[in-house]
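Engineer: Here it is, the structure in full.
Number of protein chains: 2
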Amino acid sequence: MTKQRQLIYNIVNSTPDHLKVEEIFSEVKKNNSTMVFATVYNSLNYLVENGYIRRIRIPGLPDHFDRNLQPHDHLLCEECGNLIDVPSQEEKLNFFDANGNYYHKKQVLYYGICYLCQKKL
Amino acid sequence: MTKQRQLIYNIVNSTPDHLKVEEIFSEVKKNNSTMVFATVYNSLNYLVENGYIRRIRIPGLPDHFDRNLQPHDHLLCEECGNLIDVPSQEEKLNFFDANGNYYHKKQVLYYGICYLCQKKL
DNA sequence: TCATTTTTTAGAACCATTCTAAATTTATTT
DNA sequence: AAATAAATTTAGAATGGTTCTAAAAAATGA
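So, in structure tokens, the structure goes:
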């Protein structure tokens with residue numbers, strides 16, 4: 069754990085939100101760090117690969133990073149773009165279908181409108 | 069329907085596979101079309117928006133285009149990168165959860181190893 | 001036919017992310 | 001502690017997929 073990685077970890081771990089690199093980077097700047105963009109990416113990759121945080125990949129959007137390691141799905145609010153945690157049944161699978169294809173992981177993404185945005189509209 | 073759009077449509081509609089822009093573009097060239105990359109993108113967007121074909125977006129991968137308009141999910145083979153059609157329960161939703169968030173669509177992606185790749189390994 | 005709108009072309013621009021090479025830091029061995 | 005090796009950070013260029021812009025061409029309408 070280098071200083072840079074620790075700082076990135078602390079930022080992600082300080083909020084239940086799902087942060088984008090952009091948001092993490094601006095938090096980094098607030099801490100007067102001279103860290104550079106590539107290091108944020110490197111550190112995030114390290115933290116994900118070593119199980120400290122979780123990467124949420126959504127087509128068409130930049131990656132988001134989540135301190136919540138428990139299995140869960142997400143609802144993407146089409147109004148504000150926020151991700152909302154949603155309980156999930158199973159993410160890890162282990163079965164073969166009738167054609168012999170093997171399944172080991174399931175990723176579910178919901179689209180909708182979050183409660184807050186509904187009130188605004 | 070312009071000539072360009074018709075050609076793109078024919079290419080996508082000629083196979084059950086899930087084509088990438090790259091693949092579509094090389095088919096275009098085989099037809100001696102002088103069509104340019106941007107037009108392929110424009111045409112694909114048009115065809116998707118008007119319900120002729122379906123766009124499959126997968127994080128980290130380029131978009132794929134599918135003539136199959138019936139609701140279905142996909143299995144991404146982590147070995148060969150191919151997408152395999154998988155029957156789906158429901159894609160379109162219409163409900164609110166306990167927190168008042170509204171859900172209108174569900175997207176499921178499976179990861180695994182297809183039958184053919186298992187035999188090779 | 002003239003004017004208006006739409007589409008295509010060509011290539012630049014964009015954005016998120018990764019890569020490269022050099023500099024720095026950290027860890028290991030002597 | 002010094003020397004060497006390994007890992008990480010930095011800086012900025014490069015990448016890949018996709019969209020944008022402006023001009024040219026084609027289609028549509030009056």
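For the record, the sequence lines run as chains A and B. Numbered continuously in the working numbering, the first sequence closes out at residue 189. Numbered continuously in the working numbering, the second sequence closes out at residue 189. Just so you know, even glycine gets a beta-carbon here, dropped at the ideal spot from N, CA and C. The structure displayed is predicted, hence computed values, not measured ones.
Since A:GLN72 is in the alpha helix (DSSP H), which residue starts that stretch and which ends it?
Structural biologist: From DSSP, the alpha helix (DSSP H) with A:GLN72 extends over 71-81.
Engineer: To the nearest angstrom, how far is the alpha carbon of A:GLU146 from that of A:GLY180?
Structural biologist: Roughly 6 Å separates the two Cα atoms.
Engineer: Once the 5 residues before and after A:ARG122 are set aside, which same chain residues still bring their CB inside 8 Å of it?
Structural biologist: Excluding residues within five positions, the ones whose Cβ falls inside 8 Å are VAL116, PHE133, ASP134, ARG135, ASN136, LEU137.
Engineer: Please check the pair A:ASP141 and A:LEU177, which I expect to be a contact at CB under 8 Å, by giving their CB distance rounded to whole angstroms.
Structural biologist: Indeed, because the Cβ distance is near 7 Å, the residues count as touching under 8 Å.
Engineer: Provide the residue(s) that pair with A:CYS145 in DSSP beta bridges, ordered along the chain.
Structural biologist: A:CYS145 pairs with A:GLY180.
Engineer: Against A:VAL176, what residues of chain B qualify as contacts under a CB-to-CB distance less than 9 Å, listed in chain order?
Structural biologist: In chain order: LYS174, GLN175, VAL176, LEU177.
Engineer: Give the straight-line distance between the Cα atoms of A:ASN118 and B:PHE93, rounded to the nearest whole angstrom.
Structural biologist: About 39 Å.
Engineer: In chain B, which residues lie with their C-beta within 9 Å of the C-beta of A:CYS182?
Structural biologist: Per Cβ cutoff of 9 Å: ASN167, GLY168, ASN169, TYR170.
Engineer: Give the interface partners of B:ILE121 over in chain A, defined as CB-CB distance under 9 Å, in chain order.
Structural biologist: The contacting residues do not exist; B:ILE121 stays about 17 Å from chain A at best.
Engineer: Please confirm whether B:PRO127 has its beta-carbon closer than 8 Å to some beta-carbon of chain A.
Structural biologist: It does; some Cβ of chain A falls within 8 Å.
Engineer: What would DSSP say about B:ILE126, mapped onto helix, strand or coil?
Structural biologist: In the structure shown, B:ILE126 sits in coil (DSSP, three-state: anything other than H, G, I, E or B).
Engineer: Which chain A residues sit within Cβ distance under 7 Å of B:LEU143?
Structural biologist: Residues of chain A passing the Cβ test: ASN169, TYR171.
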